[in-house]
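Residue numbers (the numbering used here): 13 to 174.
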């Protein structure tokens, strides 16, 4: 049991380091590569927690498809992806927000009881009824908003815009 806890702490440390490095690195492509490492690490955590379905989904969807989609999007919209023009980075406002979030997270952890709660099973058909019947219009609206955001992002990164 102690070996599993040690592996979890090690993988969680890698996840935190890669998440922070994805924010601090200056080149956009390197940011995406750090995010890809984070996704693979998260899938290893899922496997460690005996959730292989989530681990495989994490590898296939996020570490694979989303990473390739992000790299493809950067390669199509930017001429020089390794230049300082495409530099990202982190400013003072995101660091301040991260510190406030971290403080609230530490305060919330103290509120949790250490006794394990009971695990309730759920019916997948109830979940699908909730998602696609009751909340279906909201899910569709969210998709349309995200589509508009993608369209706006493509407009903003076009070459030769005035």
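Ideal Cβ positions, reconstructed from N, Cα and C, are used throughout, including at glycine.
At what residues does the alpha helix (DSSP H) containing residue i begin and finish?
i           : result
residue 141 : 136–141
residue 52  : 40–60
residue 63  : Careful: residue 63 lies outside any alpha helix (DSSP H) and carries neither H nor E.
residue 31  : 14–36
residue 76  : Segment: none, residue 76 is in no alpha helix (DSSP H) and carries neither H nor E.
State yes or no: is the C-beta of residue i nearer than 6 angstroms to some heavy atom of the ligand PLP?
i          : result
residue 83 : Absent from the structure shown: the ligand PLP. Ligands present: none.
Helix, strand or coil, according to DSSP, for residue i in the structure here?
i           : result
residue 145 : helix
residue 89  : helix
residue 104 : helix
residue 130 : coil
If we count the other Cβ atoms within 10 Å of its Cβ and call it buried at 16 or more, is residue i buried or exposed?
i           : result
residue 133 : exposed
residue 47  : buried
residue 130 : exposed
residue 113 : exposed
residue 21  : exposed
Do residue i and residue j have their C-beta atoms closer together than 7 angstroms?
i          : j          : result
residue 30 : residue 37 : no
residue 40 : residue 86 : yes
residue 61 : residue 19 : no
Between residue i and the rest of its own chain, which residues show a CB-CB distance below 7 angstroms, the 5 nearest in sequence each way excluded?
i          : result
residue 50 : 27, 30, 31, 34
residue 55 : 67, 70, 71, 75
residue 53 : 23, 26, 27, 30
Below 8 angstroms CB to CB, which residues in the same chain sit around residue i once its five sequence neighbours on both sides are set aside?
i           : result
residue 64  : 58
residue 151 : 143, 144
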